[in-house]
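Novice: Under the UniProt record's numbering, the first residue of the sequence shown carries the number 1, and numbering increases by one thereafter.
Backbone N, C-alpha and C fix where the C-beta goes; we use that ideal spot for every residue, glycine too.
The model shown is predicted, which means the values in this text are computed figures rather than measured ones.
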Amino acid sequence: MSTLTTNALIAVLVVLACTGMFFFATTRGTLIVRDLTGGRRTPESHVYPIYSRMGLIKLVDFQPIISAILLFQYPRLVSKIVNGLRATDLRGKQVLITSCAFGNVMPRTIEASLASGARKIVVADIIRNELQHARSKLETQFGSRVEYVEDDATSMKLKEGFADANIMFFLLHELPHELKIKALQEAGRMLAQGGKLYLGEFHKPGNLLFQVLSWTYFKVFEPLGLALWDSHDPVRLLQDMGGWSVERQTFFFGNFQIVTATKL
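1. With DSSP collapsed to three states, give me the class of residue 96.
2. Return the first residue and the last residue of the alpha helix (DSSP H) that residue 235 is part of.
3. Sorted by chain position, which residues of the same chain lie with C-beta nearer than 7 Å to residue 229's C-beta, five sequence neighbours on each side aside?
4. If you draw a straight line from the C-alpha of residue 212 to the C-alpha of residue 255, how long is it?
5. Could you name the residues of the same chain whose beta carbon sits closer than 7 Å to that of residue 172, not counting the 5 residues immediately before and after it, in chain order?
6. Residue 167 and residue 109 - do their beta-carbons sit closer together than 7 Å?
7. DSSP on residue 160, reduced to helix/strand/coil?
8. Give the DSSP bridge partners of residue 196, in chain order.
9. For residue 109, which of helix, strand or coil comes out of DSSP?
10. By Cβ distance, which residues of its chain are closer than 8 Å to residue 223, with the 5 residues on each side in sequence left out?
11. What's the gap between the Cα of residue 147 and the Cα of residue 153?
12. How many Å lie between residue 64 and residue 239 at the Cα?
13. Round the Cβ separation of residue 105 and residue 78 to the nearest angstrom and send it over; I've been treating them as touching at under 8 Å.
14. Quick one: residues in its chain with C-beta nearer than 7 Å to the C-beta of residue 82, no 5 flanking neighbours on either side, listed in chain order?
15. At which residues does the beta strand (DSSP E) containing residue 249 begin and terminate?
16. Report yes or no: do the segment 158-165 and the segment 128-137 share at least 3 C-beta pairs separated by less than 8 Å?
17. So what does residue 155 bridge to, in DSSP terms?
18. Going by beta carbon distance, what residues of the same chain come within less than 8 Å of residue 23, once the five residues before and after it are set aside?
19. Report the three-state DSSP secondary structure of residue 71 (helix, strand or coil).
20. Residue 68 to residue 241, Cα distance in whole Å?
21. My understanding is that residue 208 touches residue 215, with C-beta atoms under 8 Å, so please give their C-beta distance in whole angstroms.
22. How far does the beta strand (DSSP E) with residue 183 in it extend, from its first residue to its last?
23. Between 76, 125, 66 and 217, which lies nearest to residue 52 when the distance is taken from Cα to Cα?
24. Buried or exposed: which applies to residue 175, given that a residue is buried once 16 or more other Cβ atoms fall within 10 Å of its Cβ?
25. In the DSSP output, what is residue 125 paired with across the bridge?
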C-alpha cells in the first residue's frame, strides 16, 4: 500500500472517529453524564442536546447528513408518507406533526397535506428551540397555514380527535420504553375516527450482517431503540391497544419501516 493511500485511509478513519465521538457526546454521552451527576429530572430529560440546543440543531440539520444517518433511505421513507397524504382526502381538515424532525420531511408532508386540501397543519414539540427552528424553515413558504405548539408527545394538551392525519417521524426510538407506549396512545387520541397515523422508524434488519451493525449502532448511540425490534415493536403495540388497522412496509433489507395505522 502506497504512502498516499495509507495517509488517505488514516484521514478517513480519523474523520469517522471524530464524527462518532461528536454524535456520542451530543446524544447518549450527555445523558450518561447527566445521570451520573444527578442532574435535575424534567419531562425533557430524555432529549439529547443535539435536538434541544439551537447551535447543534442548526449544525446537524443538513440534508446530506440526515440522509447518511438513515443510509440514504430518507427520500424513500418520506415519499411513502407523502404518497399516503396525497392519496387522502383532507379537504377542510387538520394535520398534526408530532415532534419536529430534521431534513425535509416537514416541508414535504406539509406541502402534500395542503395539496390534499388540509386547512391547517399543527406542529407540536416539547422543545421550544425545535419549534423556533421549524418555524424558521417553514414560515416563508407556508405562513399562517402552519401552527407551532409547545406540547409533549406523551401527554398532549391539544384537543382530542382534532386531526385526520398524524405524522411521527423517528421519535419512538429516542423515548424511554414506557413513553413509547404513551406516545402511541396520544397519537391515536389526537386522531378523529378514520384518521391515519404515519410512523417512520428503525426496524430489525433481516440480514445478519445488518443486524450486527445495527445492534452495535443502537448499543453505542441509541440503546432505547433496540426495543423496537421486539418488546416495543410499534405494530404490535398498536395491535395490542386495539382500535387500529395497521400496515407496515420495510425498506433497505428491513432496516427501516413506515407504519400506516388507521383509527377504527
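Specialist: On the basis of the coordinates in this document:
1. strand
2. 234-241
3. 204
4. Their backbone Cα atoms lie some 12 Å apart in a straight line.
5. 180, 183, 201, 228 and 234
6. yes
7. coil
8. 165 and 262
9. Three-state DSSP puts residue 109 in a helix.
10. 28
11. When rounded, the distance between both Cα atoms is 16 Å.
12. 35 Å
13. 5 Å
14. 108, 109 and 112
15. 244-251
16. No: fewer than three Cβ pairs fall under 8 Å.
17. 152
18. If you ignore the 5 residues before and after residue 23, its C-beta comes within less than 8 Å of the C-beta of 50 and 221, all in its own chain and listed in chain order.
19. coil
20. 34 Å
21. At roughly 10 Å, the Cβ-Cβ gap does not stay under 8 Å, so residue 208 and residue 215 are not in contact.
22. Here residue 183 belongs to no beta strand (DSSP E); instead the alpha helix (DSSP H) covers 177-189.
23. 125
24. Per the 10 Å Cβ criterion, buried.
25. Under DSSP, residue 125 forms a beta bridge with 150.
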